[in-house]
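I have placed the structure first, in the form of structure tokens, so that the comments after it can refer back to it.
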Amino acid sequence: MQFEATIDLLRIVVRKRRYIVAWFASNCETYSQRSYYVDELRKHIDVHIYGKCGARRCSKSKGICDELVKKDHKFVLALENSVCNNYVTEKPYKAFGNLVIPVELSRRIAQPILPNGSFIAADDFKSKRQLAKYRHYLDENVTEYLRYL
Numbered sequence: 094m095q096f097e098a099t100i101d102l103l104r105i106v107v108r109k110r111r112y113i114v115a116w117f118a119s120n121c122e123t124y125s126q127r128s129y130y131v132d133e134l135r136k137h138i139d140v141h142i143y144g145k146c147g148a149r150r151c152s153k154s155k156g157i158c159d160e161l162v163k164k165d166h167k168f169v170l171a172l173e174n175s176v177c178n179n180y181v182t183e184k185p186y187k188a189f190g191n192l193v194i195p196v197e198l199s200r201r202i203a204q205p206i207l208p209n210g211s212f213i214a215a216d217d218f219k220s221k222r223q224l225a226k227y228r229h230y231l232d233e234n235v236t237e238y239l240r241y242l
């Protein structure tokens, strides 16, 4: 009974989120070429870019960025500056705490570190368009979305 009530509450929270994808970045030119990746992804899905790499701002102090994600977004791009074995940023963990699905660049790198089924790996998709379509699918299908949380 309590589990079902929690799921119902999560459905309400997720449905209230107005935007699909957020990306927070202050370092734009990186070894991982994440800015290029995001530029290509934006051709297929709206990405709200916060920080020095985008036009939107939020203060890291007082958890304002976290509150913004928790309230308004369903996915966060958790893209590392560099692609290193056995390393992911703190971003997926923040996403978990905010009940938002993180998107990682590489399954091979993220899988050994992050809980199974808790993230989307960009390299699981043949194109950015396919990835965008999958995010739209999850945006429309709350039950499927909740499987990641």
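Going letter by letter, the sequence shown gives residues 94 to 242 in the working numbering. Glycine included, each C-beta is placed from N, C-alpha and C at the ideal position. Keep in mind the model is a prediction, meaning the values are calculated, not measured.
Going by C-alpha positions, residue 176 is about 34 Å away from residue 104. The beta carbon of residue 159 lies closer than 8 Å to those of 187, 190, 191 in the same chain, with the five residues before and after it left out. The continuous alpha helix (DSSP H) containing residue 185 extends over residues 184 to 190. Within the same chain, and ignoring the five residues on either side of residue 125 in sequence, the residues whose Cβ sits closer than 7 Å to its Cβ are 172, 173, 174, 175, 176, 198. Between residue 219 and residue 137, the CB-CB gap reaches or exceeds 8 Å. From the listed residues 180, 115, 211, the smallest Cα separation to residue 146 is found for 115. Between residue 143 and the set 166, 161, 118, 133, the nearest pair of CA atoms involves 118. DSSP places residue 160 in the uninterrupted alpha helix (DSSP H) bounded by 157 to 165.
At the C-beta level, residue 164 and residue 113 stay beyond 8 Å of one another. For residue 224, the number of other beta carbons within 10 angstroms of its own is at least 16, and it is reported as buried. Proximity to residue 128 across 239, 170, 233 peaks at 170, based on C-alpha coordinates. Beyond the five residues adjoining it in sequence on each side, residue 211 comes within less than 7 Å, by CB distance, of 189, 241 in the same chain, given in chain order.
Secondary structure of residue 169 (DSSP, three-state): strand.
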